[in-house]
Amino acid sequence: MPNKEPEPGPYLDRLIELRVFGRKPAGEVPAYSSDETAAEMVIGCLNKPPLRWMSLKDGDGWTFHWRKPVPLPAGRSRARYTKLVSVTAATRPLAICRAALKLLGPLKAGARPETL
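For the sequence shown, position 56 (counting from the first letter as 1) is numbered 957 according to this note's numbering, and the numbering increases by one without interruption.
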């Protein structure tokens, strides 16, 4: 069965709270997957050098990229980047959340997302 992208809503928001912020979700958490301001907190938490991000309006949806600089050869002055993660979704907050989870990789052994 192929992996399905998480849908916006409480499950994804709680998963972001756990994976991105490292806090066990207790009670309500911000609506990271549907609220622009809350999604910006996800970017702020992960946006540490050398990571860079970019979001683009893509037709009716949004594409969000996490990328990092590629070492420049001698004599080159313009930075180049390699994409680490690229996600397209219906909304920018959803694209940000899905990209964050892909950037962080799979859950480690012992984590139980079904309890979120």
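Beta carbons: idealized from backbone N, C-alpha and C, even for Gly.
Asked	Found
I'd like the span of the alpha helix (DSSP H) that includes Asp914, first residue to last.	911 to 920
Apart from the five residues just before and just after Val986, which ones in its own chain have a Cβ nearer than 6 Å to its Cβ?	Trp967, Ala1000, Lys1003, Leu1004
Out of Trp954, Ala996, Ala940, point me to the one whose CA is closest to Lys984's CA.	Trp954
Starting from Pro976, trace the beta strand (DSSP E) both ways and give me its first and last residue.	Residue identity check: residue 976 is Gly in the sequence provided, not Pro. Here Gly976 belongs to no beta strand (DSSP E), and DSSP marks it neither H nor E.
Going by the DSSP bridge assignment, what does Lys969 pair with across the sheet?	Thr983
Which residue from Leu916, Glu941, Ala996, Tyr912 puts its Cα closest to that of Leu1008?	Leu916
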